[in-house]
Amino acid sequence: MGAKIEVTPGSAESDGAFQVWRANEDALIAWLAVETQWRVVSSMAGLVWLGLDYSAVDVVLRRLKSPDRVFANLQDMELAALEAFNEALA
4 MGAKIEVTPG SAESDGAFQV WRANEDALIA WLAVETQWRV VSSMAGLVWL
54 GLDYSAVDVV LRRLKSPDRV FANLQDMELA ALEAFNEALA
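Positions 4 to 93 (this note's numbering) are the ones given, in order, by the sequence shown.
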């Protein structure tokens with residue numbers, strides 16, 4: 004993960020930059036802030052991603068003063084990420 008975001012007006016350039024809708028900005032900032040808060044276990048099949056550590060996520064969201072809706076957004080993003088991360092186990 005480790006991505007940095009820079010909020011600038013304008014359209015996406017050919018350098019791979021993309022635009023984030025203002026409605027999704029808080030969720031993206033929170034997502035990047037909790038990128039190190041994953042629960043992962045090692046098994047014979049490899050790494051199994053369990054999900055975000057909600058205790059740590061709560062601390063991050065409070066420190067960011069994120070609106071309550073951001074937690075629901077993070078859960079949606081978490082489900083999509085878990086599918087991708089654990090795809091090799093299926």
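Glycine included, every Cβ here is placed at the ideal spot set by N, Cα and C.
Would you grab the beta carbon distance between residue i and residue j for me? Rounded to a whole angstrom, and I think it's under 8 Å.
| i | j | result |
| --- | --- | --- |
| alanine 26 | leucine 77 | Between leucine 77 and alanine 26 the Cβ distance is about 15 Å, and since that is not below 8 Å, they are no contact. |
| glycine 49 | leucine 85 | Not confirmed; about 14 Å, so no contact. |
| valine 51 | valine 44 | 5 Å |
Between which two residues does the alpha helix (DSSP H) holding residue i run?
| i | result |
| --- | --- |
| leucine 31 | 28-36 |
Could you check if residue i belongs to the surroundings of the ligand ATP, using beta carbon to heavy atom distance under 8 Å?
| i | result |
| --- | --- |
| valine 37 | Ligands in the displayed structure: none, and consequently the ligand ATP is not present. |
Locate the beta strand (DSSP E) running through residue i, then write down its first and last residues.
| i | result |
| --- | --- |
| arginine 42 | 41-46 |
Can residue i and residue j be called in contact, C-beta distance under 9 Å?
| i | j | result |
| --- | --- | --- |
| alanine 30 | valine 62 | no |
| glutamine 40 | aspartate 56 | yes |
Which one of the options has the shortest CA to CA distance from residue i?
| i | options | result |
| --- | --- | --- |
| alanine 59 | Pro70, Arg42, Asp71, Ala75 | Arg42 |
| leucine 67 | Trp24, Leu35, Gln22, Ala20 | Leu35 |
| Inside the segment 48-77 only - alpha helix (DSSP H) runs reaching at least 4 residues | 57-67
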